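Following the working numbering, the numbering of the sequence shown begins with 1 at its first residue and continues without gaps. Cβ atoms here follow ideal geometry from the backbone N, Cα and C, with glycine treated the same way. Being a predicted model, the structure only gives us computed values, none of them experimental.
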Amino acid sequence: MKRKNLKKAAELETKIEELTKELNSWETAKAFNGSSKIQIKDEVFGMNPKYSNVDLNLIPFSDLRSQYLESLNYKIECLENELEKLLNDGD
């Protein structure tokens with residue numbers, strides 16, 4: 001296998017490992033246990049910033065989380081396919 005391909009394979013394996021760790025941490029993360037309301041600063045500059053109250057219960061976290069986990073799985077699958085192709089082409 002060419003040196004360039006070995007380097008690329010190592011980079012792909014590292015990225016797969018990073019994404020897998022992130023996926024595992026998300027899957028094992030506990031549910032949000034804090035207050036359901038937060039304040040978001042509307043004006044970043046100025047002496048009298050304004051804040052908006054946001055109720056986190058109105059945001060579909062479970063849907064967003066599911067979509068994010070699906071995207072992580074897809075990225076891992078794509079990287080694994082790319083790595084497999086790279087390794088097979090190097091034979």
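{"Query": "Just to confirm, is the Cβ distance from Leu23 to Leu58 under 7 Å?", "Result": "no"}
{"Query": "With distances taken Cα to Cα, identify the nearest neighbour of Ile76 among Phe61, Lys37, Leu87, Thr14.", "Result": "Thr14"}
{"Query": "Thinking C-alpha only, which one of Ile16, Ser62, Asn53 is nearest Met81?", "Result": "The identity of residue 81 in the sequence shown is Asn, whereas the question assumes Met. For the residues Ile16, Ser62, Asn53, the minimum Cα distance to Asn81 belongs to Ile16."}
{"Query": "Ala9 and Leu79: beta carbons closer than 7 Å?", "Result": "no"}
{"Query": "Under 7 Å, do Tyr51 and Gln67 count as touching if we go by C-beta distance?", "Result": "no"}
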